[in-house]
Every structure is written in C-alpha cells, then in structure tokens.
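Trainee: Pasting in a structure now, in structure tokens, and then I'll have a few things to ask.
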Amino acid sequence: MFKGLIRHLRLSKSTAVHPDPQAGMTIIEILIVIALIGTIMTIVISNTMKHFEDSKIDLTKIAQTNLKSALALYKVNVNQFPGTEPGLRALLTKPENAKGWRGPYVESKDNLNDAWGEEMTYERVAANVYKIISAGPDNVVGTDDDIIFPDLKGNEDEKPISTELNIPRGQANP
Numbered sequence: 023m024f025k026g027l028i029r030h031l032r033l034s035k036s037t038a039v040h041p042d043p044q045a046g047m048t049i050i051e052i053l054i055v056i057a058l059i060g061t062i063m064t065i066v067i068s069n070t071m072k073h074f075e076d077s078k079i080d081l082t083k084i085a086q087t088n089l090k091s092a093l094a095l096y097k098v099n100v101n102q103f104p105g106t107e108p109g110l111r112a113l114l115t116k117p118e119n120a121k122g123w124r125g126p127y128v129e130s131k132d133n134l135n136d137a138w139g140e141e142m143t144y145e146r147v148a149a150n151v152y153k154i155i156s157a158g159p160d161n162v163v164g165t166d167d168d169i170i171f172p173d174l175k176g177n178e179d180e181k182p183i184s185t186e187l188n189i190p191r192g193q194a195n196p
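One rule links them: number in my numbering = place in the sequence shown (from 1) + 22.
Structure (structure tokens):
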C-alpha cells in the first residue's frame with residue numbers, strides 16, 4: 023500500500039520538476055507571439071527610418087551651407103559667382119573665363135552631392151543671387167521634397183540669397 027503511494031508521489035514529483043518533453047506551445051500561441059513581435063518591429067523600423075530621413079535632410083542643408091561659403095570665396099577671387107553652367111563644378115575645376123580663380127574651393131566632387139549621393143543643382147538667378155537645389159529623398163527636382171538653399175518656405179519676406187560684398191573702398195579697418 024505504501025509502495026503504491028510512494029511510487030505515485032515520486033511520479034507526480036518528477037513530472038512537476040521535469041515537465042513532459044512532448045508538451046509545448048500551441049500553434050495559435052506561437053502565431054500570436056510572432057504577430058506581436060512583427061508589430062513591434064514595424065513600429066521601431068518606421069520610427070528609425072523617419073529619423074534616418076530627417077538626418078539626411080539635415081546633412082544636405084549643412085552641405086548647402088558649406089557650398090555657400092565656397093561660393094563666397096569664389097566670388098572674392100573671381101569677382102562674380104559662377105554661371106548656371108558650369109555651376110557648382112566651377113568650385114572644383116577652373117572655368118575658362120574665371121580670372122583670379124584660386125581653387126579648388128571644395129575638396130572633392132562628393133562635396134557637391136547631397137546626402138543621397140546626387141549632385142546638387144546650382145542656379146544663378148541674377149548677378150549676385152543664386153540657389154542651390156537638392157532633389158531631396160525622391161531624387162526628382164521640382165517636387166515638394168526638394169531642399170532649396172536658401173530655404174524660403176514659410177517666410178514670404180525673404181528673397182533669394184544675395185551675397186553682394188559691400189566693403190567700402192579706402193576705409194581702414196578699425
């Protein structure tokens with residue numbers, strides 16, 4: 023009698039400590055876990071991609087600001103901005119009519135590209151007015167996601183950038 027009880031206790035104790043190796047999760051439980059993991063990954067990836075795109079836009083704006091500085095130095099040396107053709111390439115190689123050119127004004131052709139690896143467009147609007155345009159994330163110029171320097175969106179009073187150097191001649195620096 024006690025042998026049977028001890029044996030029964032031994033079996034119930036061993037199954038509590040060592041569950042049946044055949045036991046596991048059902049298909050429905052596994053599918054629910056996979057669906058939850060998939061949902062979480064979708065949220066994380068979409069938020070990460072949004073921040074990644076925003077970072078590329080910021081990098082492009084920084085590159086445009088650097089090109090503004092290079093164009094200002096070009097103007098100091100050549101006494102005018104490059105024309106729409108050769109555009110930004112005038113910062114790397116001397117155009118035929120650029121007397122006083124002391125470039126290159128940028129380190130490499132990569133400095134003329136936006137964060138998506140596409141060459142930015144330069145438009146000379148007037149003698150001392152220009153725009154630097156990146157096609158933006160969609161790589162198509164003329165769409166809403168273009169990144170234009172100077173950024174005139176939201177401020178109707180601003181005009182395209184004019185970098186006329188107004189240095190009075192004959193006056194000594196204080």
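Ideal Cβ placement from N, Cα and C applies to all residues, glycine included.
What does the alpha-carbon distance come out to for the pair residue 134 and residue 172?
Mentor: For residue 134 and residue 172, the distance between alpha carbons rounds to 16 Å.
Trainee: For residue 153, I'd like the list of residues in its chain whose CB is within less than 7 Å of its CB, leaving aside the five on either flank, ordered along the chain.
Mentor: 145, 147, 170, 171, 182
Trainee: Helix, strand or coil: which one does DSSP assign to residue 74?
Mentor: helix
Trainee: Measure the Cβ-Cβ separation of residue 142 and residue 85 and say whether it is below 9 Å.
Mentor: yes
Trainee: Indicate the three-state DSSP secondary structure (helix, strand or coil) for residue 181 in the structure shown.
Mentor: Only weak support is given to the placement of residue 181: the predicted model assigns it a pLDDT of 47, under 50, and the question is left unresolved by the model.
Trainee: Whole beta strand (DSSP E) runs in the segment 136–160 with 3 or more residues, listed along the chain?
Mentor: 143–148, 151–156
Trainee: Please report how far the alpha carbon of residue 102 lies from the alpha carbon of residue 80, in whole angstroms.
Mentor: 28 Å
Trainee: Distance check for residue 130 and residue 155, CA to CA, integer angstroms please.
Mentor: 18 Å
Trainee: Can the beta-carbon of residue 110 be found closer than 9 Å to that of residue 126?
Mentor: no
Trainee: Suppose you measure from the CA of residue 112 to the CA of residue 104; what does that come to, to the nearest Å?
Mentor: 6 Å
Trainee: Taking 9 Å as the cut-off, decide whether the C-beta atoms of residue 164 and residue 138 are in contact.
Mentor: no
Trainee: For residue 116, I'd like the list of residues in its chain whose CB is within less than 7 Å of its CB, leaving aside the five on either flank, ordered along the chain.
Mentor: 123, 125
Trainee: Please classify residue 167 as buried or exposed, where buried requires at least 16 neighbouring CB atoms within 10 angstroms.
Mentor: The residue in question, residue 167, is exposed, as its Cβ has fewer than 16 Cβ neighbours within 10 Å.
Trainee: Below 9 Å between beta carbons: does that hold for residue 160 and residue 78?
Mentor: Not a contact, by the Cβ cut-off of 9 Å.
Trainee: Flag this pair as yes or no: are the beta carbons of residue 128 and residue 99 separated by less than 9 Å?
Mentor: no
Trainee: On the DSSP bridge assignment, give the partners of residue 171 in chain order.
Mentor: For residue 171, the pairing in a beta bridge is given by DSSP as 154.
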